[in-house]
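Read the structure below first, then the notes.
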Amino acid sequence: MILPISAKTISELEIERENLLKTLLSDTETLYNISENLLSKESKGFRIAVVASDKEEASRLLKVREATDTNKSCKVIFAFSGQGTSGAIPLDYLRSTFPMFNSYISKAEKILLDEENISIPEILTSWRQASTVEEQIFSFVFGVAMAMQYIAYGVEPDVLIGHSVGEITAAVISGILNYEEGLRFVLKRAKLMDSLEEKGTMCAIKTTKEKLSILLSKESELSLASVNGLSSFVVSGSCKDILNAEKTMDRLSIKHRRLKVSIAAHSALIDPILPDIEKIRIRNIHKEKYPLYSSLSGKLLDAKELYEPSWWSRHCRETVCFANALSSIKADLNIDKALIVEFGVHRVLLSGGIEIFKNSTWLGCCSMSSYHEGKSSEYCYDRGTKETMANLWQHGINIKLRTGKEHSKI
Numbered sequence: 201m202i203l204p205i206s207a208k209t210i211s212e213l214e215i216e217r218e219n220l221l222k223t224l225l226s227d228t229e230t231l232y233n234i235s236e237n238l239l240s241k242e243s244k245g246f247r248i249a250v251v252a253s254d255k256e257e258a259s260r261l262l263k264v265r266e267a268t269d270t271n272k273s274c275k276v277i278f279a280f281s282g283q284g285t286s287g288a289i290p291l292d293y294l295r296s297t298f299p300m301f302n303s304y305i306s307k308a309e310k311i312l313l314d315e316e317n318i319s320i321p322e323i324l325t326s327w328r329q330a331s332t333v334e335e336q337i338f339s340f341v342f343g344v345a346m347a348m349q350y351i352a353y354g355v356e357p358d359v360l361i362g363h364s365v366g367e368i369t370a371a372v373i374s375g376i377l378n379y380e381e382g383l384r385f386v387l388k389r390a391k392l393m394d395s396l397e398e399k400g401t402m403c404a405i406k407t408t409k410e411k412l413s414i415l416l417s418k419e420s421e422l423s424l425a426s427v428n429g430l431s432s433f434v435v436s437g438s439c440k441d442i443l444n445a446e447k448t449m450d451r452l453s454i455k456h457r458r459l460k461v462s463i464a465a466h467s468a469l470i471d472p473i474l475p476d477i478e479k480i481r482i483r484n485i486h487k488e489k490y491p492l493y494s495s496l497s498g499k500l501l502d503a504k505e506l507y508e509p510s511w512w513s514r515h516c517r518e519t520v521c522f523a524n525a526l527s528s529i530k531a532d533l534n535i536d537k538a539l540i541v542e543f544g545v546h547r548v549l550l551s552g553g554i555e556i557f558k559n560s561t562w563l564g565c566c567s568m569s570s571y572h573e574g575k576s577s578e579y580c581y582d583r584g585t586k587e588t589m590a591n592l593w594q595h596g597i598n599i600k601l602r603t604g605k606e607h608s609k610i
């Protein structure tokens, strides 16, 4: 259950906290009824919100939760991750709980089944990682559907940013692309990637720019796939080249981790399909509703750029400048911190992104703040979304906090 309290001053908020702690000790009120009562109250400037499964947990969290002064405004950034970030989701629960999410899943379901005989429910629930098509369709459809649900609940982003294929997802949320055309583009592009004979692989590395330069000079066949933070990078190439690079990184004491991906995106291996990517025409490009910072240029995107066929091939081939795009947001908006909501199954952009936005709150659209052992996926997604919504409300976003069912565990 979500337990939100607010007051006009910090001293009044502390009184509200003490009152709630006393109420939680009472046997006369259920946690559900306490939550319902709090959710019905007017939201004021100083806020605290916790999410708990029982009264004991609620008391423990409430005692240590720091208050937020919402009179100090905070920008909201929606971030969209790319390929390799999927995971089996409790689709039936999400569809029955989130109407807007269900609407976008249904649209994709009809298009993919009618035109390609592809089952989006199967992709979203199986986590097979069998192909680029499945990986990128998952990332795109899930990202759009969840972001549209958050917007429907009242969370309006100030800016958007996307990582690799996540930028196409972000372009739909921004209003630059329509959902159906974006879906068909992602599908056609992914099919081209799956048609490549040599797929290759990718490797995430944590190091300094100096050591990165040494690595790239020694392993000239590698491509720098993405710059995710000040010390967070991804390299891409053939399996043989990545294996050689891993040996070099071991000698240089560079931390590295092989990624579970179906294709060596942003590498020379995809050069053969670039002309075909340029032939996939996007015909309907619109003025953006929300500003989108491109991880291709690292700057604010002008929708007119998308009319150029070369933009789409470059977007698939060139280095993802995610860190540069975040830095541009920080500079252009003149902010040191932000509320960042990542729309993927996990917060994979957090480790690199937080190096740029050090004082920020980086939330996952459905990620819990801590691991709860032995809980169902329905519990985890329910709690994850409630924790994020509660966090957004505490930071001053006028989100429609949703109640739990009377007999639910969260």
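Everything in the sequence shown is counted per the numbering used here, starting at 201 for the first residue and increasing by one. Every residue gets a Cβ at the ideal spot worked out from N, C-alpha and C, and that includes glycine. In this text the structure is predicted, and so the values were computed from the model without any measurement.
Spatial distance of residue i from residue j (CA atoms)
{"i": "residue 609", "j": "residue 235", "result": "Residue placement at residue 609 is poorly supported in this model, since its pLDDT is 44, which falls under 50; the coordinates still yield a value, given next. Roughly 13 Å separates the two Cα atoms."}
{"i": "residue 581", "j": "residue 544", "result": "12 Å"}
{"i": "residue 404", "j": "residue 458", "result": "6 Å"}
{"i": "residue 219", "j": "residue 270", "result": "21 Å"}
{"i": "residue 281", "j": "residue 366", "result": "5 Å"}
{"i": "residue 560", "j": "residue 523", "result": "15 Å"}
{"i": "residue 607", "j": "residue 233", "result": "Residue confidence for residue 607 is low, a pLDDT of 38 falling below 50, so the modelled location carries little weight; the figure read from the coordinates is stated next. So the two alpha carbons sit approximately 11 Å from each other."}
{"i": "residue 267", "j": "residue 214", "result": "9 Å"}
{"i": "residue 414", "j": "residue 526", "result": "25 Å"}
{"i": "residue 369", "j": "residue 340", "result": "5 Å"}
{"i": "residue 585", "j": "residue 348", "result": "14 Å"}
{"i": "residue 498", "j": "residue 354", "result": "28 Å"}
{"i": "residue 308", "j": "residue 587", "result": "28 Å"}
{"i": "residue 259", "j": "residue 408", "result": "43 Å"}
{"i": "residue 565", "j": "residue 364", "result": "19 Å"}
{"i": "residue 541", "j": "residue 222", "result": "33 Å"}
{"i": "residue 291", "j": "residue 579", "result": "13 Å"}
{"i": "residue 263", "j": "residue 446", "result": "47 Å"}
{"i": "residue 360", "j": "residue 277", "result": "6 Å"}
{"i": "residue 323", "j": "residue 306", "result": "14 Å"}
{"i": "residue 209", "j": "residue 430", "result": "39 Å"}
Beta-bridge pairing of residue i - partner residues as DSSP gives them
{"i": "residue 207", "result": "246"}
{"i": "residue 541", "result": "278, 563"}
{"i": "residue 268", "result": "247"}
{"i": "residue 455", "result": "406"}
{"i": "residue 424", "result": "435"}
{"i": "residue 386", "result": "Residue 386 pairs with nothing; no bridge assigned."}
{"i": "residue 202", "result": "251"}
{"i": "residue 493", "result": "361, 500"}
Unbroken beta strand (DSSP E) run spanning residue i, endpoints
{"i": "residue 552", "result": "Premise fails: residue 552 lies in the alpha helix (DSSP H), 550-553, not in any beta strand (DSSP E)."}
{"i": "residue 403", "result": "401-406"}
Nearest-angstrom beta carbon gap, residue j and residue i [assumed within contact, 8 Å]
{"i": "residue 376", "j": "residue 492", "result": "7 Å"}
{"i": "residue 595", "j": "residue 274", "result": "5 Å"}
{"i": "residue 286", "j": "residue 338", "result": "4 Å"}
{"i": "residue 470", "j": "residue 416", "result": "So it is not a contact: roughly 18 Å between Cβ atoms."}
{"i": "residue 436", "j": "residue 466", "result": "5 Å"}
{"i": "residue 244", "j": "residue 206", "result": "4 Å"}
{"i": "residue 503", "j": "residue 485", "result": "6 Å"}
Opening and closing residue of the alpha helix (DSSP H) in which residue i lies
{"i": "residue 360", "result": "Not the alpha helix (DSSP H): residue 360 falls in the beta strand (DSSP E), residues 359-362."}
{"i": "residue 474", "result": "474-479"}
{"i": "residue 306", "result": "299-316"}
{"i": "residue 588", "result": "577-594"}
{"i": "residue 663", "result": "Look at the range of the chain in this structure, 201 to 610, and you will see that residue 663 is not part of it."}
{"i": "residue 365", "result": "Per DSSP, residue 365 belongs to no alpha helix (DSSP H) and is neither H nor E."}
{"i": "residue 327", "result": "Counting along the chain, residue 327 falls outside any alpha helix (DSSP H), and DSSP gives it neither H nor E."}
{"i": "residue 530", "result": "522-532"}
{"i": "residue 234", "result": "231-239"}
{"i": "residue 510", "result": "509-517"}
Residue i: CB within 8 Å of a non-hydrogen atom of the ligand FMN
{"i": "residue 466", "result": "Among the components of this structure there are no ligands whatsoever, and the ligand FMN is therefore not found."}
Inter-stretch contact at 8 Å, needing at least 3 Cβ pairs: the region 382-390 / the region 316-335: Per the Cβ contact rule, the region 382-390 is in contact with the region 316-335 (3 or more Cβ pairs under 8 Å).
How do the region 448-462 and the region 561-575 stand: do at least 3 beta-carbon pairs fall below 8 Å, yes or no? No contact exists between the region 448-462 and the region 561-575.
Contact between the region 421-432 and the region 508-525 is defined here as three or more beta-carbon pairs at a separation below 8 Å; is this criterion met? Contact between the region 421-432 and the region 508-525 is present, because at least three Cβ pairs lie under 8 Å.
Kindly confirm or deny that the region 589-596 and the region 238-257 touch, where touching means at least three C-beta pairs closer than 8 Å. Flag = yes, the region 589-596 and the region 238-257 touch.
Could you tell me whether the region 506-514 touches the region 476-483, where touching means 3 or more Cβ pairs closer than 8 Å? Contact annotation: the region 506-514 touches the region 476-483, with at least three C-beta pairs closer than 8 Å.
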